[in-house]
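Chemist: My questions will all concern the structure given below.
In this note's numbering, the protein residues as written are 438 to 1665.
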């Protein structure tokens, strides 16, 4: 058991090593029994050499891993990227070593350019800092392998997506022989004459108790040219008794690849999932072949299938060597002439070499063959031909009594993703053969001179407004009423016959809003691409797209860069400041892993055309499917992830097509925004359409509808909405867009240059929601049939589980301040305006689509009345059908151009667009995105962005424990108490002080104290506190943005129901979001703290709240404290004076007043009786001003605080009650 546990916890740095605990019960028993028997045997031996000689189970595991950069960067599963893959391999290797002290391991890395041993290494790391008791040799192996992997990948310039393992297997076998030689240094070769062969020497050298096996972990496709050398290596391994196991990682489309039919079609082909070469290798050597079905579970497969040695495998149920394929092992060979896998071939009768084409001379043994000159020549001496003639067959005719048989052999064909079985091409078309140039009206060619060069200004944007003609700025007073009237006449009842019909099963017929020749040309090019190989298409896409080098930049994926592109295209309207200095509220739906949100939160710290000295407030709310499509919060490094929260609705699955989830999400937005709604909704959803790419628009219409529906329910008046579309040809999509144009001032259809020009992706942008209300519309409650919600909200469940308490028998008194809970109860869903009616219509349409799901004969096809849609309105310069037809045709022309260009580049691998790097540089400059490498830490800690003052504190952003806090930023844990004697001094003037009403913990423990502490955030919950001259990790649920240096205390806060929670109260700050604010005035620092806390104040109660204390000039404190009310709670059943700590109505019990003099003498401050504003006066110069003089403010390092406790600890001490009495006695 200790051996097993040690193998499970080998690498404490890797979160994947702990997955070893999921081994099956039977396998655990085998491991424990074997380890126990070995331990008993070894315990009887005192000498290690004796143990090594008599132990009968020494195993060498040689792991050959695929490090092909192009594959890992393009086709890897999002849960198995290259760093994760390496950690899986290291955990597996450590588990093998931990099973026995005699086990050995070797790791070989393979790229298209070279093969290299990662371990053992000629230059291993000598010293390494081990954490959490990690075994030092394992740490050395891990760090050495990581460094060498990084060197191999960074030095590989190949763009090939194929890999050869022949050299790696040969190197592994040589390493095994060398180890055998080292273990038997006294062995002498027996070669004494010419009859002795090397094979005999090797077999004599091998030890019976030293076993070796090879594990090949392959990701990229096999290089067929390695067939001969690989088979020779396999036969050598077979002779040496070395098993070859093969673990095949199938290619998986990226989470954002739904935008590109080429990437999807090229990564889900069945032929790319198996390796015939390694099927044969495993079959010949007795190894295991496994194509893992779920790449994210690689470590479990390695431990459960490949960790047991050969002796244990007879007791296990192992996967079939054919990987589960019913066709068995693929024993096809590669031809010797072109190195291609062949089904039918010519075989040399002398040396058995295989050729795909007839050759007069064998290229291997130089044997000449007779060249057939006629059919008769091939029949000379053939018993088969003679037998057929005797049965009546004649030359030139088919088989059968009537000669009706076919004359040509049956050709093999692999069906493509867009085609059904037996389909040859799109109806009415043929496909371009390889090498045949496109010649359509919009085809690309080298000699086409009328094409302008690609540039950073090639975005396509088409505006439509039902209410405002172009370049008009006038307002329409009765616009909401006109919207309502027009919408009522446009909506089509869903029960009408014209709303339903047979499902759309082919896009060839969808030419109502597009020219039929243009549509057919585009489909023709798509179909022609299907005849090309996956590797050729991927290579051509990288070379033919002039905007390809833009990539993801500093963000997690290309979706973020698309948002940067469109934000600049619309002059920054998505990231601009909302009016009145509010927090920018946004929602990100169907948008995992979260690229849109990462960009928007980053942009608020780096606003367009501005260099503000502070971070602009922003808060985001997300909803997307759980699982593979979920938000990847750990990948939020450019923007602060703490400003974003994902929600999953009442059904807790994030499915936006469920009514209950929409209603629950709308309630969340009501709570978070006081019912006002969000300023911006972004949507980037799509379905898996691998079984019908041309029908992507039809298959995605439900999510089109629900994304628009969600936006209508949570947007505030004047809000904006952006969502992804894939085509706009069908009546359903056109109706949807037309109805949306009724409730927005303007809509746009956009094709940004970051969206690959050869795909069908485009974006709908809706600007200016029209509503007669001053709040969001909300979502009606779902009917019982649709309400799949849980009986209790997750946050409430969490609260009940985490904070168990006795019931308070005394009736609860709710706080007088308004809270979001009260606001939510008082919120009325809009059902009468145009937005409310459209929401009801879309909800009904969504329910109808649910009912018709799976119905092959009936579907919902229309949302709007066709006669009203096509009716000519003379008040509108352009009616909607004309607009959408124009947009479709312009976009199709461009798409056909780049599809045909991709076909040419696919057939000619030497072509490439040489403008990519220049365009990428110009785009990043235009969009004001830094052209730097993406960092691994949060944005404020990147070397290119970190504040110089913060760099002095944390020289190494990856290791805060090595940081050092300067003395001028350190503060004592004990705050000096104010005494009565201090009040009698002449220099104490009440008008010179600022006051904070602070709280604390009801009960102090060793883990949680009420002492002030300096906190430094690395991002998320990675918080460090300054203790005894060093930074230590603080174990808590606090989430703070990276680069925050705060002075804070732990406090208790209480919900409206009296439950107690913990919170962090921030008193002062030197850095926020990595921005140096230590030299600002106290009032300015407090303002930044308030913005930070308000931004992090999400409505849910799970986690630790970050709050700020009530503050103001000292002379205003008596009035504030007198206005506080007594409320009961868990710790004060009979009531206690409370102040509101959060917008949701949570309260704090005051523990004292914190006094501070924010500026130097002789300046004082007061409150104007006429304006109510704080002013600053100089008694010496008899001057006053509302603006804070810049030269009088004390920085963070010189600010000194004094404490007046709420309740005195000792008799005679000054408390708040006495202090307030003293204040009232002062002359006004």
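Virtual Cβ for every residue (Gly too), placed ideally from N, Cα, C.
In this text, all values refer to a predicted model and were calculated from it rather than measured experimentally.
Here's a check: name, in chain order, each residue in its chain whose Cβ is nearer than 6 Å to the Cβ of residue 791, leaving out the five neighbours to either side.
Modeler: These residues qualify, in order along the chain: 770, 772, 773, 782 and 784.
Chemist: Counting only runs of 3+ residues fully inside the stretch 1517-1569, write out the beta strand (DSSP E) ranges in chain order.
Modeler: 1542-1544, 1548-1550 and 1562-1564
Chemist: Going along the chain, which unbroken runs of the alpha helix (DSSP H) with 4 or more residues stay wholly within the stretch 866-940?
Modeler: Entirely contained in the stretch 866-940, the alpha helix (DSSP H) runs reaching 4 residues are, in chain order, 916-927.
Chemist: Does the Cβ of residue 912 have 16 or more other Cβ atoms within 10 Å, making it buried, or fewer, making it exposed?
Modeler: exposed
Chemist: Looking at C-alpha atoms only, which residue of 918, 973 and 1217 is the closest neighbour of residue 1209?
Modeler: 918
Chemist: Please tell me whether residue 1184 and residue 1203 are closer than 8 Å, where the distance is taken between their beta carbons.
Modeler: yes
Chemist: Consult DSSP for residue 482 and reduce its assignment to one of helix, strand or coil.
Modeler: A caution first: residue 482 carries a pLDDT of 41, below 50, which makes its placement in the model unreliable, though a value can still be read off. It is coil, neither helix nor strand.
Chemist: Consider the Cβ of residue 1625: report whether some Cβ of chain D lies at a distance smaller than 8 Å.
Modeler: In the structure shown, chain D cannot be found, because there is only a single protein chain.
Chemist: Taking only runs of the alpha helix (DSSP H) that begin and end inside the stretch 491-517, which ones reach a length of at least 4 residues, in chain order?
Modeler: 506-511
Chemist: Quick one: what's got a C-beta closer than 7 Å to residue 1430's C-beta in the same chain, skipping five residues either side?
Modeler: 1551, 1592, 1593 and 1594
Chemist: Report all residues from its chain with a CB closer than 7 Å to the CB of residue 505; omit the five preceding and five following residues, and keep chain order.
Modeler: 548, 549, 598, 600, 656 and 657
Chemist: Express the C-alpha separation of residue 562 and residue 580 in angstroms, rounding to a whole number.
Modeler: Computed Cα separation, rounded: 7 Å.
Chemist: Give me the residue from 738, 1410, 1540 and 725 with the minimum Cα distance to residue 747.
Modeler: 725
Chemist: Starting from the N-terminal side, write out each stretch of the alpha helix (DSSP H) that is 4 residues or longer and does not extend beyond the stretch 1308-1354.
Modeler: Qualifying alpha helix (DSSP H) stretches, in chain order: 1317-1344.
Chemist: Grouping DSSP H, G and I as helix and E and B as strand, with all else coil, what is residue 580?
Modeler: Helix at residue 580.
Chemist: Closer than 8 Å is the cut-off here; do at least three beta carbon pairs connect the stretch 729-738 with the stretch 515-527?
Modeler: yes
Chemist: Less than 8 Å separating the beta-carbons of residue 743 and residue 652?
Modeler: It is a contact, given that the beta carbons lie within the stated cut-off.
Chemist: With the cut-off set at 8 Å, would you say residue 671 and residue 605 are in Cβ contact?
Modeler: no
Chemist: When you measure from the CB of residue 868 to every non-hydrogen atom of the ligand GTP, does any distance come out below 7 Å?
Modeler: In the structure on display, the ligand GTP does not appear, and there are no ligands present to speak of.
Chemist: Taking 6 Å as the limit between beta carbons, can you name the residues of its chain near residue 1475, skipping five residues before and five after?
Modeler: Taken in chain order, the residues that qualify are 1460, 1501 and 1541.
Chemist: Let's test the definition: count the other Cβ atoms within 10 Å of the Cβ of residue 1663 and tell me whether it reaches 16, buried, or not, exposed.
Modeler: exposed
Chemist: Please classify residue 1598: is it buried, with 16 or more other beta-carbons within 10 angstroms of its beta-carbon, or exposed?
Modeler: exposed
Chemist: Beta-carbon within less than 6 Å of residue 1650's beta-carbon, same chain only, minus the 5 sequence neighbours each way: which residues are those?
Modeler: none
Chemist: Is it buried or exposed, residue 1074, if we count other Cβ atoms within 10 angstroms and call 16 or more buried?
Modeler: buried
Chemist: To which residues does DSSP link residue 1059 through a beta bridge?
Modeler: 1025 and 1083
Chemist: Would DSSP call residue 769 helix, strand or coil?
Modeler: Here residue 769 sits in coil by DSSP.
Chemist: Kindly provide the ranges of any alpha helix (DSSP H) runs that are 4 or more residues long and lie completely inside the stretch 1367-1440, ordered along the chain.
Modeler: 1385-1390 and 1417-1420
Chemist: State the start and end residues of the unbroken beta strand (DSSP E) segment that holds residue 1204.
Modeler: 1199-1206
Chemist: For residue 933, is the classification buried or exposed, using 16 other Cβ atoms within 10 angstroms of its Cβ as the cut-off for buried?
Modeler: The C-beta of residue 933 has fewer than 16 other C-beta atoms within 10 Å across all chains shown, which makes the residue exposed.
Chemist: Give every residue of the same chain whose Cβ lies closer than 7 Å to the Cβ of residue 1191, excluding the five residues on either side of it in the sequence, and list them in chain order.
Modeler: 984, 987, 995, 998, 999 and 1002
Chemist: Just to confirm, is the Cβ distance from residue 796 to residue 1335 under 8 Å?
Modeler: no
Chemist: Can you look up residue 477 in the DSSP assignment and give me helix, strand or coil?
Modeler: Below a pLDDT of 50, predicted positions are generally treated as unreliable, and residue 477, at 47, falls in that range; the measurement from the model is reported next regardless. Here residue 477 sits in helix by DSSP.
Chemist: What's the gap between the Cα of residue 1154 and the Cα of residue 1582?
Modeler: 26 Å
Chemist: Do residue 1511 and residue 1383 come within 8 Å of each other at the CB atom, strictly closer than that value?
Modeler: yes
Chemist: Helix, strand or coil for residue 787? Go by DSSP, reduced to three states.
Modeler: Residue 787 falls in the coil class under three-state DSSP.
Chemist: Return helix, strand or coil for residue 1643, following the three-state DSSP convention.
Modeler: coil
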